[in-house]
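Student: Positions 1 to 219 (my numbering) are the ones given, in order, by the sequence shown.
Each residue gets a CB set at the ideal place from its N, CA and C atoms; glycine is no exception.
Attaching a single structure in structure tokens format; questions to follow.
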Amino acid sequence: MTDASGEPIVVHSVQEEYFYLMVHRCSCGGPWLGEAQEFVEGGPELRHHVSGKCFKCAARKEFTFDLSRAGPQPTAPSVIRQISASAEPSRAVDAVEWADLARFYLERIQRLKRPVEKAQSLLDARQCTEEALKFFGPADAAPPPAAVWSDATRRKLAKDPDAYSRARLQAMVDRMPSIEELRQVDALDQKVFDKAVKEEAKKRVGKWWQVWKRFRRNT
Ligand SMILES: [Zn+2]
């Protein structure tokens, strides 16, 4: 239901939840499909309960995310495909996992046909690389110990330290178009999203995250 300590998993966006679920798979190795989900608001706290079903073995698991740090963003269309507007490192996905996600999205581009899908994949890759870099202190050439949380990711880092070095990650970011450029190519989705936000506003629903229900990702 929650992380190993029993606490809800703190995320900066619903997007970050998606990446958490992608990395933290079922014990059989299968990916979780988010089936039911429910937002629970209490004072300043916003919790998101996601009921996952394993795509391979059909096992079920409940996840609770803490979205309180995401902040209200009713007028920010860029919220779509935005992992985190904060400079603080993720508390759901570690540095090695972000770097691996970035490479997954970079490799995926070659298999995609539509330019907008390629741009979206590159946008995800760029943001994942930036998330990995947020863990580095000014003097860190490699991810500091506090940035790598599991035995599995520590083993990966020990096996190929160069792949996770600041120099390598920075070189990846430097070769990618800027977030702004990528968002322009992603404008098709942004327009659809903006329209949905406006419609929700007209209905005076007033809860920015409810719009997300219409934008369940399929990639
Ligand atoms: Zn499974």
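Would you decide whether Val93 is buried or exposed? Buried here means 16 or more other CB atoms lie within 10 Å of its CB.
Tutor: For the purposes of this step, residue 93 is taken as residue 93 along the sequence shown, with counting starting at 1. Counting every other CB atom within 10 Å of its CB across the protein chains shown gives Val93 a total of 16 or more, marking it as buried.
Student: Hey, would you say Pro8 sits closer than 7 angstroms to Asp66, going by beta carbons?
Tutor: Reading the sequence shown from its first residue, position 8 is the one you call residue 8. Reading the sequence shown from its first residue, position 66 is the one you call residue 66. It is a contact, given that the beta carbons lie within the stated cut-off.
Student: May I ask you to verify whether the region 123 to 134 touches the region 171 to 188, counting CB pairs closer than 8 angstroms and requiring at least 3?
Tutor: Result yes; three or more Cβ-Cβ pairs closer than 8 angstroms.
Student: Where do the ends of the alpha helix (DSSP H) carrying Val11 lie?
Tutor: Position 11 of the sequence shown holds residue 11. That residue, Val11, is in no alpha helix (DSSP H); it is neither H nor E in DSSP.
Student: Would you tell me roughly how many angstroms separate the C-alpha atoms of Val23 and Ala87, rounded to the nearest one?
Tutor: To locate residue 23, count along the sequence shown from 1; it is residue 23. To locate residue 87, count along the sequence shown from 1; it is residue 87. So the alpha carbons of these two residues sit roughly 21 angstroms apart.
Student: Could you pull the DSSP bridge partners for Lys61 from this structure?
Tutor: Sequence index remark: in the sequence shown, residue 61 carries index 61 (1-based). Note: Lys61 sits in a beta bridge opposite Gly52.
Student: Mind reading off the beta-carbon distance from Gln127 to Ile83? Whole number of angstroms is fine, and I expect it under 8 angstroms.
Tutor: Position 127 of the sequence shown, counted from the first residue, corresponds to residue 127. Position 83 of the sequence shown, counted from the first residue, corresponds to residue 83. With a Cβ gap of about 5 angstroms, Gln127 and Ile83 count as contacting.
Student: What is the residue span of the beta strand (DSSP E) that Trp149 lies within?
Tutor: Position 149 of the sequence shown, counted from the start, is the residue given in the question as residue 149. Run containing Trp149: none; DSSP gives neither H nor E here.
Student: Whole angstroms are fine: how far does the CA of Ser178 sit from the CA of Phe19?
Tutor: The residue labelled residue 19 in the question sits at position 19 within the sequence shown. The residue labelled residue 178 in the question sits at position 178 within the sequence shown. Cα to Cα, Phe19 sits roughly 21 angstroms from Ser178.
Student: Rounded to whole angstroms, what is the Cα-Cα separation between Arg103 and Glu35?
Tutor: Within the sequence shown, residue 103 is the residue found at index 103, counting from 1. Within the sequence shown, residue 35 is the residue found at index 35, counting from 1. Approximately 27 angstroms, taken between the alpha carbons.
Student: Ligand 1 and Ala158: does the residue's C-beta get closer than 6 angstroms to at least one heavy atom of that ligand?
Tutor: Position 158 of the sequence shown, counted from the first residue, corresponds to residue 158. Not so, every heavy atom of ligand 1 lies at least 6 angstroms from the Cβ.
Student: In its own chain, which residues sit with a C-beta less than 6 angstroms from the C-beta of Leu106, not counting the 5 before and 5 after it?
Tutor: Translated into positions along the sequence shown, residue 106 becomes position 106. The answer, listed in chain order, is Ala125.
Student: Identify the continuous beta strand (DSSP E) that holds Ala36 and give its terminal residues.
Tutor: Counting from 1 along the sequence shown, the entry for residue 36 is found at position 36. Where Ala36 is concerned, the enclosing beta strand (DSSP E) stretches over 32 to 42.
Student: In angstroms, rounded to a whole number, what distance separates the CA positions of Glu62 and Phe55?
Tutor: As a first step, residue 62 must be located in the sequence shown, where it is residue number 62. As a first step, residue 55 must be located in the sequence shown, where it is residue number 55. The straight-line gap from Cα to Cα measures roughly 15 angstroms.
Student: I want to check one thing, is the minimum distance from the CB of Lys53 to the heavy atoms of ligand 1 below 6 angstroms?
Tutor: Taking the sequence shown and counting its residues from 1, one reaches residue 53 at position 53. Answer for Lys53: no, Cβ out of range of ligand 1.
Student: Assess contact between the region 26 to 40 and the region 134 to 142, defined as three or more Cβ pairs (one per stretch) separated by less than 8 angstroms. Is contact present?
Tutor: no
Student: Between which residues of its own chain and Asp162 is the CB-CB distance below 8 angstroms, once the five residues before and five after are set aside?
Tutor: In the sequence shown, counting from the first residue as 1, residue 162 sits at position 162. By the criterion of a C-beta distance shorter than 8 angstroms, Asp162 is surrounded in its chain by Arg168, once the five residues flanking it on both sides are discounted.
Student: At the level of alpha carbons, what is the spacing between Arg166 and Glu199?
Tutor: Along the sequence shown, one-based indexing puts residue 166 at 166. Along the sequence shown, one-based indexing puts residue 199 at 199. Taking the straight line joining both Cα atoms gives about 43 angstroms.
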